[in-house]
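First comes the structure, then the notes that go with it.
Residue numbers (this note's numbering), protein chains in the order written: chain A, 344 to 461; chain B, 53 to 165.
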């Protein structure tokens with residue numbers, strides 16, 4: 344099956360610093376990638392939809408200047424949490440949809456990145 | 053607005069059958085997916101229904117009724133490893149280059165010996 348790699352899996356940073364999370368589709372092209380945030384024992388909240396070569400579409404309430412998303416190629420999307428604060432601590436998960444399987448209802452998820460801001 | 057409802061918790065014993073329901077109200081509807089997520093892990097795809105009816109994949113089956121805005125996931129011959137959270141997700145848009153999914157709150161399944 345399709346593999347999505349997300350890195351880093353865990354990151355601890357000081358308040359005020361920026362953190363970059365990478366999401367790569369290893370064996371398929373992903374024209375669309377999604378970024379989610381998940382709090383403990385809660386659902387996945389869609390933050391933004393990222394299309395290759397264009398600006399990301401952010402969900403209502405998500406600060407685009409705070410969560411910078413770049414989708415520079417068909418296999419890589421990055422999420423940068425700028426000037427991180429403790430309330431940004433969370434589990435961030437990316438998912439990708441194979442351009443060749445856009446009608447299957449199947450998303451391939453990365454392993455997630457647990458961000459802790461001190 | 054978008055809303056999906058699922059039971060928060062379900063408990064069953066090994067070997068039993070359990071059904072997890074999902075009702076939805078979304079601005080658009082193109083299909084209903086189900087995902088399994090173990091603690092600390094990534095969600096993994098289980099099934100997808102775009103049309104009414106039952107889809108069977110091994111021990112797991114999924115059902116959809118578009119007229120009732122309702123679906124369910126049926127897990128048979130439960131095993132301990134099935135203990136996880138299960139999410140329904142509605143594909144509510146059809147972008148040119150992708151699909152948007154809205155996830156339900158999740159159902160935590162505990163399988164007892």
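Ideal Cβ positions, reconstructed from N, Cα and C, are used throughout, including at glycine.
- Under the Cβ distance rule, residue 364/A does not count among the residues neighbouring chain B, no pair being separated by less than 8 Å.
- Annotation: the continuous beta strand (DSSP E) that includes residue 96/B extends over 96-101.
- One finds nothing in chain B with a Cβ atom closer than 9 Å to the Cβ of residue 456/A; even the nearest lies about 11 Å away.
- For residue 355/A, no CB of chain B lies under 8 Å from its own CB, so it is not counted at the interface with that chain.
- For residue 78/B, there is no enclosing beta strand (DSSP E), as DSSP marks it with neither H nor E.
- Within the same chain, Cβ atoms closer than 7 Å to the Cβ of residue 79/B are found at 54 and 144, the five residues on either side in sequence being excluded.
- Ranked by Cα distance from residue 441/A, the first of 377/A, 351/A, 398/A and 360/A is 377/A.
- Rounded to the nearest whole angstrom, the CA to CA distance from residue 131/B to residue 119/B is 33 Å.
- Bridge pairing for residue 451/A: 439/A [DSSP].
- The continuous beta strand (DSSP E) containing residue 161/B extends over residues 159-164.
- Only residues of its own chain outside the window of five on either side were considered, and among them 99, 101 and 114 have a CB closer than 6 Å to the CB of residue 107/B, listed in chain order.
- A check of alpha carbon separations from residue 454/A across 435/A, 461/A, 460/A and 448/A identifies 435/A as the nearest.
- Interface flag for residue 143/B against chain A is set, since a Cβ pair is found closer than 8 Å.
- Closer than 8 Å to the CB of residue 165/B there is not a single CB belonging to chain A.
- If you draw a straight line from the Cα of residue 450/A to the Cα of residue 97/B, it comes to about 7 Å.
- For residue 412/A, the uninterrupted beta strand (DSSP E) segment begins and ends at 410-416.
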